[in-house]
Amino acid sequence: MKQKSIYLLIAGALSVASTAAFAQEADIPFVDVSPNKISASEARAQGTPAQNPAFVPGTPVNNRVSADALRRQAMSLSDPSYAQEIERQYQEYVPLPQVTQKKVPDFVQKAIDNYKPEQKIDVEPRQNRIVPVGFGFMNSIQTNFDAVAVRTSDEYSIIEVEDGYVYVTPLSDQPISLILYEDGVLESQVSLVLYPIDAPPAMVDLTVNMSPQMIAKANSYQERIKQEIEAEEARAREAQLEDRSAPPSSHVAYLAKTLEQVAQQQMPRGFTMTNDIPAHLKYPCRVTIEQTAGQRMTGTREVIDVVLLKNTTGGVYHVKEEMCLTKDALAVAIHDKAFLQPGDETEVYIIRDRFYEQEQQRQITRPRLTTKG
2 MKQKSIYLLI
12 AGALSVASTA
22 AFAQEADIPF
32 VDVSPNKISA
42 SEARAQGTPA
52 QNPAFVPGTP
62 VNNRVSADAL
72 RRQAMSLSDP
82 SYAQEIERQY
92 QEYVPLPQVT
102 QKKVPDFVQK
112 AIDNYKPEQK
122 IDVEPRQNRI
132 VPVGFGFMNS
142 IQTNFDAVAV
152 RTSDEYSIIE
162 VEDGYVYVTP
172 LSDQPISLIL
182 YEDGVLESQV
192 SLVLYPIDAP
202 PAMVDLTVNM
212 SPQMIAKANS
222 YQERIKQEIE
232 AEEARAREAQ
242 LEDRSAPPSS
252 HVAYLAKTLE
262 QVAQQQMPRG
272 FTMTNDIPAH
282 LKYPCRVTIE
292 QTAGQRMTGT
302 REVIDVVLLK
312 NTTGGVYHVK
322 EEMCLTKDAL
332 AVAIHDKAFL
342 QPGDETEVYI
352 IRDRFYEQEQ
362 QRQITRPRLT
372 TKG
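Using my numbering, the letters of the sequence shown map in sequence onto residues 2 to 374.
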């Protein structure tokens, strides 16, 4: 070992000597970077704080702990009381957020506790009731009114009315206030407050004890409404008869004559068979039975499409002209019969404006100033 140290020191001395000699030969100035270098014996003499007053002690970074102390610390961490004490001290400095429950009045809570999927309610006019209903479900309210009228200020529920029935679908947990009354009899109104809860939908049977005077007033109002509807229908029929009795225009007569010729398997004058039907017009009718446009006749201003319909259902199918109307259609006619038995077929004739799409593309439009466009 001593021999190796001697060799290393000799090698180091030779290296320094050769470096100094090289520096002198190359005329490079040699600078000693450690002029105050001390020997090993001097370093040992100054290596302790007691011997060197300039020594400043540092902060110890590691303290040795015995194995018993570590074992006691591990056992204290596994003690539940130790964890509870830590949690208590933590909550003193960092209070946990408290969840506040919505306070429900006692009378509302009483109604909620009495919830049933089927509820029967008897009330007098101008009374009110709290009714728990299923949140997010469609709830049904059946009344003894012939035509129930509904008033509400709720904006977050779906409310539908049909005859004497009211269907309510709550979309929030907020109470829904409803005023129900017989249409035309305001004095029969009652108030219902629907309270949505996490429960199945409610089927409510509501009976309002109406007086004989209220019932008579309701019957009189419904009779008046019925007479107004009948009078309106009569006026519509008279107007329709007047339109039919008026002489048709030359254009209407031309379309009727053209459809008649096509139905009789004739080729109208000025038309040729082309059968170049666009793909989007192959199935032009809004029907649920089998259909296909199989023929097209092209004229100077119009085209005529012949559509074959076949009843592929198990029952009678009623075909109407308006089922085959489109924006470019000028006239539609059904051949032979409109009520098709299972397996029956018929033809539908559609006269279209040949240049409708080109006219639409040439039209110059302007945007509306209103927000709805």
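Where is the CB? At the ideal position from N, CA and C, for every residue including glycine.
Asked, Found
"Measure the Cβ-Cβ separation of Q128 and V191 and say whether it is below 8 Å.", "yes"
"Between the stretch 288-302 and the stretch 263-271, do three or more beta carbon pairs fall short of 8 Å?", "yes"
"Using 8 Å as the threshold, is the C-beta distance between N140 and T208 below it?", "no"
"How long is the line joining the alpha carbons of A254 and C286, rounded to whole angstroms?", "24 Å"
"With distance defined between alpha-carbon atoms, name the residue in F340, L341 and A330 nearest to F356.", "A330"
"Quick one, are the C-beta atoms of Y182 and S189 less than 8 Å apart?", "yes"
"Could you check how far apart the C-beta atoms of Q262 and A148 are, in whole angstroms? I think they sit under 8 Å.", "No, Q262 and A148 are not in contact; Cβ-Cβ is about 51 Å, not under 8 Å."
"Whole angstroms is fine: what's the gap from Q110's alpha carbon to V124's?", "20 Å"
"So what does DSSP say about K328, is it helix, strand or coil?", "coil"
"Should A27 be labelled buried (16 or more other beta-carbon atoms within 10 Å of its own) or exposed?", "Reliability fails at A27, whose pLDDT of 47 lies under 50, so the model's placement of it is uncertain and the value that follows must be treated cautiously. With fewer than 16 other Cβ atoms within 10 Å, it is exposed."
"P171 and S158 - do their beta-carbons sit closer together than 8 Å?", "yes"
"Which partner residues does D354 have in the DSSP bridge list?", "E303"
"What span of residues does the beta strand (DSSP E) with K121 cover, start to end?", "E119 to V124"
"If we count the other Cβ atoms within 10 Å of its Cβ and call it buried at 16 or more, is L187 buried or exposed?", "exposed"
"Roughly how many angstroms separate the alpha carbons of P106 and M215, rounded to a whole number?", "35 Å"
"If you check the beta carbons only, do A294 and V304 fall under 8 Å apart?", "no"
"Could you pull out every residue in the same chain whose Cβ sits closer than 7 Å to the Cβ of C325, ignoring the five residues on either side in sequence?", "P285, C286, V308, V333, V349 and I351"
"Distance, Cα to Cα, V199 vs E322?", "Going by the sequence as given, residue 199 is Asp instead of Val. C-alpha separation (whole angstroms): 49 Å."
"To the nearest angstrom, how far is the alpha carbon of H281 from that of R236?", "40 Å"
"Taking only the alpha-carbon atoms, compute the straight-line gap between A51 and Q85 and give it to the nearest angstrom.", "In this prediction, A51 has a pLDDT of 49, which is less than 50 and means its spatial position is unreliable; what the coordinates show is noted afterwards. Those two C-alpha atoms are separated by around 49 Å."
"Put T259 into one of helix, strand or coil per three-state DSSP.", "helix"
"Do you know offhand how far Q364's Cα is from R353's?", "19 Å"
"I believe G185 touches K218 by the beta-carbon criterion, under 8 Å. Please report the beta-carbon distance rounded to the nearest angstrom.", "7 Å"
"Could you name the residues of the same chain whose beta carbon sits closer than 6 Å to that of T275, not counting the 5 residues immediately before and after it, in chain order?", "R297 and T299"
"Quick check: the Cα distance between L193 and R152, rounded to an integer number of angstroms?", "11 Å"
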